[in-house]
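S.K.: Under this note's numbering, the residue at position 218 of the sequence shown is numbered 223, and the numbers go up by one with no gaps. All residues carry an ideal CB built from backbone N, CA and C; glycine is no exception. One structure follows; several queries about it will come next.
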Amino acid sequence: MARPRVYKTEAIVLKRTNLGEADTIITFYTPNLGKIRAIAKGVRRPKSKLGGHLDLLTQSSLLLAQGQNLDIVTQSQTIESFLPLRSDLWRTSCAIYLLELVDQFTAEQVENYPVYRLLQTTLLRLCEAQSNELVLRYFELQLLSHLGYQPELYQCLNCRAPLAPGRNLFSVSGGGVICPNCAKKEQFIRPISVDAIKVMRFLLKNDLSSASRLKTSPDLSHELEQLMREYVRYLLEREVKSVGFLDRLRGELTSQNEC
Ligand SMILES: [Zn+2]
């Protein structure tokens with residue numbers, strides 16, 4: 006749909022790239038325009054009226070004007086700054102991971118309102134003290150589902166037989182579970198436990214509140230994390246940058262707890 010010369014939208018800041026002395030190219034995710042990029046002129050000057058309303062991890066109300074190449078942000082007003090995410094390194098890293106996933110999985114100007122809602126509600130959930138890593142798994146699965154990559158978790162990808170408890174495998178290239186009989190012919194597979202299948206089904210069927218109340222053992226959390234990481238890496242054909250930082254932080258936090 007052609008955009009009018011001047012238009013309003015709310016948006017979440019996904020990424021910022023400095024341009025010249027004081028300008029910044031900002032990647033936003035919006036409810037009705039999907040991902041857009043626009044230029045914020047002079048935003049890095051101390052007295053800029055835009056400053057602060059366009060920081061990473063901010064939900065803002067924007068007024069934009071069509072430009073020759075990129076549109077231009079002419080006004081911005083913060084709606085939500087997700088403050089608790091900024092005061093805790095672990096939460097900041099989780100939130101940046103979500104932003105990176107949305108940026109990497111979406112094309113510009115393809116509307117996907119469920120993805121916008123998912124990002125907004127998950128960022129709010131991460132602000133809550135009791136949020137845990139399953140919130141990230143919920144986000145990954147729901148995001149993939151909204152983008153057409155929901156994994157098959159009920160029947161074998163190959164022979165379509167309903168999955169039985171036991172030694173099943175997950176195929177990242179096929180996007181789902183393979184029964185032991187069919188596993189021999191497949192590449193890019195890894196074992197998946199019955200509990201991991203159950204948790205993934207639960208995360209896809211339930212809302213975020215239910216998901217964040219779920220408790221899993223450290224081993225199961227690790228299995229789910231590795232499995233989703235491999236699936237995401239396969240789909241994107243690259244590693245998500247912030248994953249390495251999350252790993253290092255997790256290592257540091259674990260060693261602190263052990264002291
Ligand atoms: Zn099979």
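1. Going along the chain, which residues of its own chain have a beta-carbon closer than 7 Å to the beta-carbon of Asp200, five neighbours each way excluded?
2. Could you tell me which residues DSSP pairs with Pro167 in its beta bridges?
3. Do Met205 and Leu3 have their beta-carbon atoms positioned less than 8 Å apart in this structure?
4. Taking the C-alpha atoms as reference points, what is the distance between Leu219 and Leu131?
5. If contacts are defined as beta-carbon pairs under 8 Å, then Ser98 and Leu254 qualify, I think. What distance do you get, rounded to the angstrom?
6. Please tell me whether, using a cut-off of 7 Å, the distance from the CB of Asn186 to the nearest non-hydrogen atom of ligand 1 is below it.
7. Buried or exposed: which applies to Pro156, given that a residue is buried once 16 or more other Cβ atoms fall within 10 Å of its Cβ?
8. Should Cys132 be counted as a contact of ligand 1 given a C-beta to heavy atom distance under 7 Å?
9. My understanding is that Gly39 touches Glu85, with C-beta atoms under 8 Å, so please give their C-beta distance in whole angstroms.
10. For Ile202, which option in Arg142, Leu152, Gly256, Gly153 has the closest C-alpha, if you only look at C-alpha atoms?
11. Under 8 Å between the Cβ atoms of Lys20 and Asp76?
12. Following the continuous alpha helix (DSSP H) through Pro119, name the residue where it begins and the one where it ends.
13. Tell me whether Ile183 counts as near ligand 1, meaning its Cβ is closer than 7 Å to at least one heavy atom of that ligand.
14. On the premise that Leu229 lies in contact with Thr127, defined as a C-beta separation below 8 Å, what is that separation, rounded to the nearest angstrom?
15. Quick check on the burial criterion: 16 or more other C-beta atoms within 10 angstroms. Buried or exposed for Cys164?
16. Using a 10 Å radius around the Cβ and a threshold of 16 neighbouring Cβ atoms, would you call Tyr34 buried or exposed?
M.R.: Concretely, from the data shown:
1. Excluding residues within five positions, the ones whose Cβ falls inside 7 Å are Leu225.
2. BP columns for Pro167 point to Gln160.
3. What is shown of the chain runs 6 to 264, which leaves residue 3 out entirely.
4. For Leu219 and Leu131, the distance between alpha carbons rounds to 15 Å.
5. Contact holds; Cβ gap of about 6 Å.
6. Short note on Asn186: C-beta closer than 7 Å to some heavy atom of ligand 1.
7. Its Cβ being crowded by 16 or more others within 10 Å, Pro156 is buried.
8. In this structure, Cys132 has its beta carbon at no less than 7 Å from each heavy atom of ligand 1.
9. Under the criterion of beta carbons closer than 8 Å, Gly39 and Glu85 do not qualify as touching, at roughly 20 Å.
10. The closest CA to that of Ile202, considering only Arg142, Leu152, Gly256, Gly153, is found on Arg142.
11. No, they are not a contact pair.
12. From DSSP, the alpha helix (DSSP H) with Pro119 extends over 118 to 131.
13. Flag set: Cβ of Ile183 near ligand 1.
14. That belief does not hold up - the Cβ atoms of Thr127 and Leu229 are roughly 16 Å apart, past 8 Å.
15. Cys164 comes out exposed.
16. Residue environment: Tyr34 is assigned as buried (16 or more neighbouring CB atoms within 10 Å of its CB, all protein chains considered).
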